[in-house]
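Structure first, commentary second.
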């Protein structure tokens, strides 16, 4: 992208000048987002933004949809203005235009209506000079202009033509604008439209108000203002995130502080001399047919799949479009009454509810759009959803009680099915759980269903149509043969734009089947709220239609079974909307509807009526007369963002369990992500209710995850957590080799060893930070891993790839910053493996491969330089053998033999695991100390005696690791670790013993020992054997076909037979697709056992 060129500032720029630069910088980000919208949503039109954005980026769907709505809103105002009959010349002034090509879009889209119209772009002089340069350089832009002239160097008008003026004017001196334009226009004789899209809000309030007053002096003028509002105040989580974002950019939003609401903005214009203007939030406009038709809204989903509706509603609710005009034509008699906070309060007693808060351990419990269910009145599990980096397949446990490790089996905590979000999980009357559907991306819905019973998951019949954001609840039917426990599922969204309106019932004997429907039936919807009020009846409210509007409906449903299964419905919407609060209650999307001792509670979500105020987020429903009432809330702790959250139900005969809210949060447009970092307990009936919390370090042992007394599941609970904890480690032996044949014997043995005393050159003495800066140059750019947490995880990508100057990087890690360098090829990083001699020739002579490692040197694949700060490398394996040469600092590695791979959660085809070995080791030591204060294990001495909470994820990792065989290597400067192929390993920078630390240019730094430097040499050992005449001739040995074809930059592409085998497995599995599910699974599992037998026979 072409950034705004700044005017040279004095060496000490003023605060105002710095802020002006920051305000101009907001243009750089917004123009890239608008270019993304143009490429996707306006691909059929001339691409004007491309002339201002040289490096386009595809933004996330939420950003694209939000900017599309902003752009459409401005177009809406311009179209209305152009359509207004007038004999006067029309002038459109874009105040604070940035690089927006609005004039050129209008001239192309509505050429006939733009005859005689003059477009004015107004912004900072230096920005307009750069914009002029880009217009002049582009034939597609200046080709639309006639009689174009370039302004003089100090002239305010930078470019003029018959259709267009580019004006450099600081809007804080807006009174000078008419004087500037006097050569070209007499504004008092024109009809004018001023447009200000998120521009004057950055100005001081007095200056921004002066712009509005300036416009009011003209008799024929419109003003279209699009900028932020805070309809529920500055403490709303979205508003807080928005303010923090702009403050961080040094561009604080100023107008919104004084004019936070629609009414305040309208009064602002009235005070400035305008008639009462029209103003609505973008979210309220979204649903209006006069603004956007139903077909237009539907068409957007066909262009880009979209499902960020709650976040889109939050964004659109925090922006307004205001249209003021003189003379006024606003018909106030037809103006819709908006829903505003507190304006429709009903006179009735509000029950008092205390909401208590329990904070989660740092970074734990962060997930949105998962599925939660009570497994007992005081325990709940929360599965899947979207975590901080990716979709999750694991389960969090919430409880009001202390629990003991081993209470939940590893299979329950880490289920065997694909990660997903927007699915349902429902508890049946017999205590089992049924998971239904969900999605990965909005156009990839899922149909698989899983039953959890007796501590294990089992796949059952797929639901007929894949779906997500559907409703599900438990029902039952009693007959002489006994009670049949069932799940009722309704609606949802399938792939593409297909919104479902079907009703389906599942039971263990028949699977899914559709009941007969009589009478009226609810229209198709997704994201609705549903609950059972009895074993065979319940409530459905709200949801979203296919055109993206929230439905204002309330239905009762009934299930009957005589000779056949039937359903009927009763539409009670009119009963609900007789009050404003009733409309707010049923007009919901993404809300939770749960039982409580006060009656059904409707919690959170979004409404199509405007922004939900805090007092309306949680309402009580009285199903008898379909009325809603507020609650009198006392909130202890931060306010939750009730989007993407889950809530537990409260047994209506209980006075102790309480309703819990956990998970949730939202991406707050481009401002950042807000996470609910705790659990809120709604205490509806008793101050004795214990707080819900994310369950950690359990204490009590229960026999079953489902807590079903009639089923004994002790056999399904592994003893790994309760007894073995972290397994005993084997110390990797240290040896000295004097000749190449001794190392060749080590290669043949295939076991890791630490080689001592090898001659690796003077690097161990020379390679201090200062030396590396002098030799390599301080301005050299490198790409490093930059992490916020010590434990890097390749699976969740909890780090970022950042370009740093070498000096900046070395200083940062010496000061303890969490960074890591794994050098890439300086020439072709995507295509060529890194070689120390090629990439760092200035220091390559300082390092040498010991002569005893002749085979390594001759068969070398790559030799990347590694420099690490205080971070832990994730668990992974390398396909190629390698030697790790420790040069500076100390390193501790934990290695696992290849046979342990099945225990460590490596996904098919992946060479990295999410298992955090070091966290599990530390947690095991903590548990050991809690059981026996004098207990000692091999690793306890080096671990801090912390009593930090232990997360369910870490408990699952402890269980997985209990079956493994860890080996430990502690490397000092000069040590060389031989790593055979496929040995799984993870590494951390270790604090050295006295005398072990290599030379440092920061001897007094507390973090000096937290820096590690190494050279890692990968080599091929399958192509040839030590002593063969083919040494060094890669590809000529008996194993030359083992390595995968093509480039292998990192030396960890899986071997060719494995890649071929995976394709064969997929082909074999597809061969059974035509068979019934139970037969298919029977034979596939038999083949899997046969393959496992082959592995044991041939693998030893």
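Residue numbers (our numbering): -12 to 1087.
Idealized CB from N, CA, C, for every residue including glycine.
- DSSP, reduced to helix, strand and coil, places residue 283 within a helical segment of the structure shown.
- Within a 10 Å sphere around the beta-carbon of residue 289 sit fewer than 16 other beta-carbons, which makes this residue exposed.
- If the five residues before and after residue 517 are omitted, its C-beta is found closer than 7 angstroms to the C-beta atoms of 458, 460, 477, 525, 526, 527 and 580, all from its own chain and listed in chain order.
- Looking at the backbone, the Cα of residue 16 and that of residue 105 are separated by about 28 angstroms.
- Contact between the stretch 959 to 976 and the stretch 845 to 864 is present, with at least three C-beta pairs closer than 8 angstroms.
- Taking 3 residues as the minimum length, the beta strand (DSSP E) runs contained wholly in the stretch 167 to 201 are 177 to 184, in order along the chain.
- Burial of residue 211 is indicated by the presence of at least 16 other C-beta atoms within 10 angstroms of its C-beta.
- Taking the CA atoms as reference points, residue 1058 sits about 37 angstroms from residue 514.
- Annotation: the stretch 550 to 606 contains the following complete segments of the beta strand (DSSP E) (minimum length 3 residues), in chain order: 552 to 558, 579 to 581 and 588 to 590.
- Taking 8 angstroms as the upper bound for CB-CB distance, residue 182 and residue 309 are not in contact here, some 11 angstroms apart.
- Bounds of the beta strand (DSSP E) holding residue 309 are 306 to 313.
- Of 636, 616, 339 and 660, the smallest CA-CA separation from residue 566 is found for 616.
- Within 10 angstroms of the beta-carbon of residue 18 lie 16 or more other beta-carbons, which makes it buried.
- Across the set 784, 650 and 756, the C-alpha of 756 shows the shortest separation from the C-alpha of residue 793.
- Contact between the stretch 205 to 223 and the stretch 239 to 251 is present: 3 or more CB-CB pairs across the two stretches fall below 8 angstroms.
- In the three-state reduction of the DSSP assignment, residue 29 falls in the coil class, being assigned neither a helical nor a strand state.
- Nearest C-alpha to residue 430 among 602, 456, 484 and 468: 484.
- Annotation: residue 257 is outside any beta strand (DSSP E); the continuous alpha helix (DSSP H) that includes it extends over 249 to 258.
- For residue 75, the number of other beta carbons within 10 angstroms of its own is below 16, and it is reported as exposed.
- Annotation for residue 795: the continuous alpha helix (DSSP H) segment containing it runs 793 to 801.
- Uninterrupted beta strand (DSSP E) stretches at least 3 residues long and entirely within the stretch 398 to 466 occur at 411 to 414, 420 to 423, 436 to 440, 443 to 447 and 458 to 466, given in chain order.
- Of the other Cβ atoms in all chains shown, fewer than 16 fall within 10 Å of the Cβ of residue 31; this residue is therefore exposed.
- Under DSSP, the beta-bridge partners assigned to residue 493 are 474 and 499.
- Residue 632: not part of any beta strand (DSSP E); DSSP gives it neither H nor E.
- Between residue 439 and residue 420, the C-beta spacing is below 8 angstroms.
- Distance between residue 811 and residue 770, taken at the CA atoms: about 8 angstroms.
- According to the DSSP assignment, residue 1051 belongs to the alpha helix (DSSP H) that extends over 1043 to 1057.
- With fewer than 16 neighbouring CB atoms inside 10 Å of its own CB, residue 1074 falls in the exposed class.
- For residue 829, the enclosing alpha helix (DSSP H) has its first and last residue at 828 to 831.
- Residue state for residue 662 is assigned as strand, using DSSP reduced to three classes.
- A Cβ-Cβ contact shorter than 8 angstroms links residue 180 with residue 68.
- The beta-carbon distance between residue 387 and residue 667, rounded to whole angstroms, is 13 angstroms. This is too long to meet the 8 angstroms contact definition.
- Counting only residues of its own chain and dropping the five nearest sequence neighbours on each side, residue 721 has a CB closer than 6 angstroms to the CB of 741 and 743.
- A distance below 8 angstroms separates the beta carbons of residue 785 and residue 375.
- Residue 1000 sits away from residue 662, with the two beta carbons spaced by 8 angstroms or more.
- Secondary structure of residue 340 (DSSP, three-state): strand.
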